[in-house]
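Below is one structure; the comments refer to it alone.
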């Protein structure tokens with residue numbers, strides 16, 4: 001993935017910011033935070049090799065229809081919490 005496009009209705013919390021930073025570093029990707037109108041334009045153009053992160057289900061569905069990789073902040077937070085639980089569990093096993 002070369003691009004990470006973020007369009008949020010809500011606020012970006014610390015967990016999401018950390019996850020975006022990790023994705024940016026891991027994939028050497030460009031991160032762009034955009035408005036709703038900019039996101040619609042990007043989706044219409046059908047950006048390839050892009051991860052679209054949005055808490056707007058309508059935009060997310062449009063991006064999926066265009067073949068873009070899509071994730072929601074809520075699902076990313078749930079994944080993060082599960083990973084932290086697994087790490088805590090592994091830390092307790094000796």
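Residue numbers (full-length UniProt numbering): 1 to 94. Even for Gly, the Cβ is constructed at its ideal location relative to N, Cα and C.
Counting only unbroken stretches of 3 or more residues, the beta strand (DSSP E) elements lying wholly within the segment 35-89 are 50-54 and 69-71, in sequence order. Exclusion of the five residues before and after residue 49 leaves 1, 2 and 3 as the residues of its chain whose Cβ lies within less than 7 Å of its Cβ.
Here DSSP, grouped into helix, strand and coil, assigns residue 5 to strand. A contact between stretches requires three or more CB pairs, one per stretch, nearer than 8 Å, and the segment 37-46 meets this requirement with the segment 58-73. By the neighbour-count criterion, in which a residue is buried when 16 or more other Cβ atoms sit within 10 angstroms of its Cβ, residue 74 is exposed.
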